[in-house]
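Under numbering that gives the first Met the number 0, think of the first position of the sequence shown as 0, with each following residue one higher. Cβ coordinates follow ideal geometry from the N, Cα and C atoms, glycine included.
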Amino acid sequence: MKKLLSLVVVCMMLFTMSVSVFAEEPTTTENDGSWTTAGSNAEYANKMMTILAYEGSLNLNSIQYIDQTVADSEGNYSFENYIPKDIPTGSTAYTVKIGGEVIGTPVDAGTIVGTGARLSGTVEFLGTETGATITLTPDEGAANVITTETNGTFDGVVEKGTYTLVVSKDGHTTYTKENVVVSDDVDDLEYTIYGGDIDESGIVALSDLLLVLENYEAEINGENGACDIDESGVIGMNDLLTVLENITVKSVTE
0 MKKLLSLVVV CMMLFTMSVS VFAEEPTTTE NDGSWTTAGS NAEYANKMMT ILAYEGSLNL
60 NSIQYIDQTV ADSEGNYSFE NYIPKDIPTG STAYTVKIGG EVIGTPVDAG TIVGTGARLS
120 GTVEFLGTET GATITLTPDE GAANVITTET NGTFDGVVEK GTYTLVVSKD GHTTYTKENV
180 VVSDDVDDLE YTIYGGDIDE SGIVALSDLL LVLENYEAEI NGENGACDID ESGVIGMNDL
240 LTVLENITVK SVTE
């Protein structure tokens, strides 16, 4: 029944062309597990009102909230309940629209913001074909994984909490920081990992140098791909020099 209601509501909002204007702009609050959107318009007196919150384009897959209410005899209405499909996290803004019997094309009613934290910054590494991985693992529950762009920049959202953070990439040392408390948005994080730890031993060593020499100019495959540290498509002199330059560099745990 809820799915059928969703389809009917979306179809109504997507394809009806007339627009009504609010006499009073609705208000929104940050999402703390619940939120309210309220307004008043005499034209809506005793009418059924429908509210949708969605991310991106409005369609069945993007809808995150559906709620209905009936305005009172003076046109006052307040949405205080919702059918959650996926409670948003972090700073992601979800568009809120209101429609109903007297509203055709839905009217913007602001945004809601989730309860997580946005983390962004840069990881320094070698190679321009793949990014590094930032894994945040809580004491309980699933790990959060953020993948950087190939230039090292990243931007991701996680639930607020305490994590073990690990920055990694094939052929590189790792950076680990324990008891990382995520409580607010942070936009200037910087991490560095070093190329050369091909065998993932935690240190750039003679064993890594031997792996590059053994695979020097060999065809790259799933087994020796980490030897192509600079991701040039060739296991060559640059990779050899990288290992020599970083010899004895260890993975870091703080």
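Quick one: Cα of residue i to Cα of residue j, how far?
| i | j | result |
| --- | --- | --- |
| Gly38 | Thr172 | 55 Å |
| Thr152 | Leu164 | 16 Å |
| Asp66 | Thr49 | 6 Å |
| Ala116 | Asp183 | 5 Å |
| Val248 | Leu135 | 23 Å |
| Gly160 | Pro137 | 7 Å |
| Glu218 | Asp154 | 34 Å |
| Glu253 | Ser77 | 49 Å |
| Glu222 | Glu189 | 30 Å |
| Glu199 | Ala131 | 15 Å |
By a C-beta neighbour count over all protein chains shown, 10 Å radius and 16 as the cutoff for buried, is residue i buried or exposed?
| i | result |
| --- | --- |
| Asp169 | buried |
| Ser250 | buried |
| Glu29 | Because Glu29 carries a pLDDT of 39, less than 50, the predicted location of this residue cannot be relied on, and the following value inherits that uncertainty. It is exposed - the Cβ of Glu29 has fewer than 16 other Cβ atoms within 10 Å. |
| Val180 | exposed |
| Val203 | buried |
| Ala41 | exposed |
| Leu125 | buried |
Near residue i, what residues of its chain come up, given a Cβ to Cβ distance below 6 Å and the 5 sequence neighbours on each side ignored?
| i | result |
| --- | --- |
| Ile133 | Ile145 and Val166 |
| Val263 | The first residue shown for the chain is 0 and the last is 253, placing residue 263 beyond what the model contains. |
| Asp186 | Ser119 |
| Ala142 | Thr134 and Thr136 |
| Gly74 | Ser39, Asn40, Ala41, Tyr43 and Ala44 |
| Thr121 | Gly151, Thr152 and Glu189 |
Mind checking which residues open and close the alpha helix (DSSP H) that includes residue i?
| i | result |
| --- | --- |
| Ser206 | Leu205 to Glu213 |
| Asn237 | Met236 to Glu244 |
Between which residues of its own chain and residue i is the CB-CB distance below 7 Å, once the five residues before and five after are set aside?
| i | result |
| --- | --- |
| Asp238 | Val211, Cys226, Asp227, Ile228 and Asp229 |
| Glu128 | Thr149 and Glu230 |
| Gly224 | Asp169 |
| Asn178 | Thr161 |
Nearest by alpha-carbon distance to residue i: which of the options is it?
| i | options | result |
| --- | --- | --- |
| Ile197 | Thr241, Asp66 and Glu42 | Thr241 |
| Gly235 | Gly195, Thr149 and Thr161 | Gly195 |
| Tyr215 | Asp138, Tyr43 and Gly232 | Gly232 |
| Glu139 | Thr191, Asp186 and Tyr162 | Tyr162 |
| Ile192 | Leu205, Ser206 and Lys176 | Lys176 |
Report all residues from its chain with a CB closer than 8 Å to the CB of residue i; omit the five preceding and five following residues, and keep chain order.
| i | result |
| --- | --- |
| Leu208 | Leu239, Val242, Leu243 and Ile246 |
| Gly201 | Thr172, Thr173, Lys249 and Ser250 |
| Asn45 | Val69, Ala70, Asp71 and Ser72 |
| Glu123 | Gly151, Glu189, Tyr190, Thr191 and Ile192 |
I need the boundaries of the beta strand (DSSP E) containing residue i, first residue and last residue.
| i | result |
| --- | --- |
| Leu118 | Ala116 to Glu123 |
| Gly155 | Thr152 to Val157 |
| Ile192 | Taken as a continuous stretch (DSSP letters only), Ile192 belongs to no beta strand (DSSP E), as it is neither H nor E. |
| Ile202 | Where Ile202 is concerned, there is no enclosing beta strand (DSSP E), given that its DSSP letter is neither H nor E. |
| Lys176 | Tyr174 to Val181 |
| Ser167 | Gly160 to Ser167 |
Under a CB-based cut-off of 8 Å, is residue i close to chain B?
| i | result |
| --- | --- |
| Glu128 | In summary, chain B is missing from the structure at hand, where a single protein chain is found. |
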